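Undergrad: Going letter by letter, the sequence shown gives residues 225 to 336 in my numbering.
Glycine included, each C-beta is placed from N, C-alpha and C at the ideal position.
Source: prediction; values computed, not measured.
Here you go, one structure.
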Amino acid sequence: MSLNQKYTWADFLKANPSAKTQKLKRTSDEGQKAFEAAYKKYIKDYLKDLMAHQEKALKDIIAKRDALVTKLKATKKPAKAKIVQAKVGKRDHAAYRTQKSIERTKSQQKHF
């Protein structure tokens, strides 16, 4: 879902009932200014929460990967080592994807 779909005019009217009582229109200059201000505030909070969630997920992924690495070092049998290595590789890739999404979120935060 794009950021434009995260906060709509209906959400704005629910959060600001005074705009509804003033019969503020979405296409009017006052309505556009008020909506844009509320949109920026909402999106900044949303991106901040998203960043916190992503950083927590990255920390969890790295912790699980480190646990698998210690298990890999303790493994003596080559067949089991190969299986654990595959799991470690999947965790590495998940950490990479999460890191990339954190970078995208940071760039979006700079945009607003």
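Could you check whether the region 273-284 touches the region 253-262, counting it as contact only if at least three pairs of C-beta atoms, one from each stretch, sit closer than 8 Å?
TA: These segments do not touch.
Undergrad: Within 8 Å, do at least three Cβ pairs link the region 292-305 to the region 227-240?
TA: Not touching, per the Cβ criterion.
Undergrad: Contact defined as beta carbons within less than 8 Å: I believe T329 pairs with L271. What is the distance between those atoms, to the nearest angstrom?
TA: Indeed, because the Cβ distance is near 6 Å, the residues count as touching under 8 Å.
Undergrad: The alpha helix (DSSP H) spanning L274 covers which residue range?
TA: That run of the alpha helix (DSSP H) goes 253-298.
Undergrad: Straight-line CA distance for K306 to H317?
TA: So the alpha carbons of these two residues sit roughly 17 Å apart.
Undergrad: Let's test the definition: count the other Cβ atoms within 10 Å of the Cβ of A310 and tell me whether it reaches 16, buried, or not, exposed.
TA: Answer is exposed; the Cβ neighbour count stays below 16.
Undergrad: Compute the distance between the beta-carbons of A276 and N240, then report whether it is under 9 Å.
TA: Against a cut-off of 9 Å, the Cβ pair of N240 and A276 comes out as no contact.
Undergrad: When the Cα atoms are used, what is the spatial distance from K301 to K288?
TA: Answer to the nearest angstrom: the Cα atoms are 21 Å apart.
Undergrad: Count the other CB atoms within 10 Å of the CB of A243; is the residue buried (16 or more) or exposed (fewer)?
TA: Buried, because 16 or more other Cβ atoms sit within 10 Å of the Cβ of A243.
Undergrad: Take A258 and list the residues in its own chain whose beta-carbon comes closer than 8 Å to its own, dropping the five residues that flank it on each side.
TA: Correct list, in chain order: F236, N240, A243, L248.
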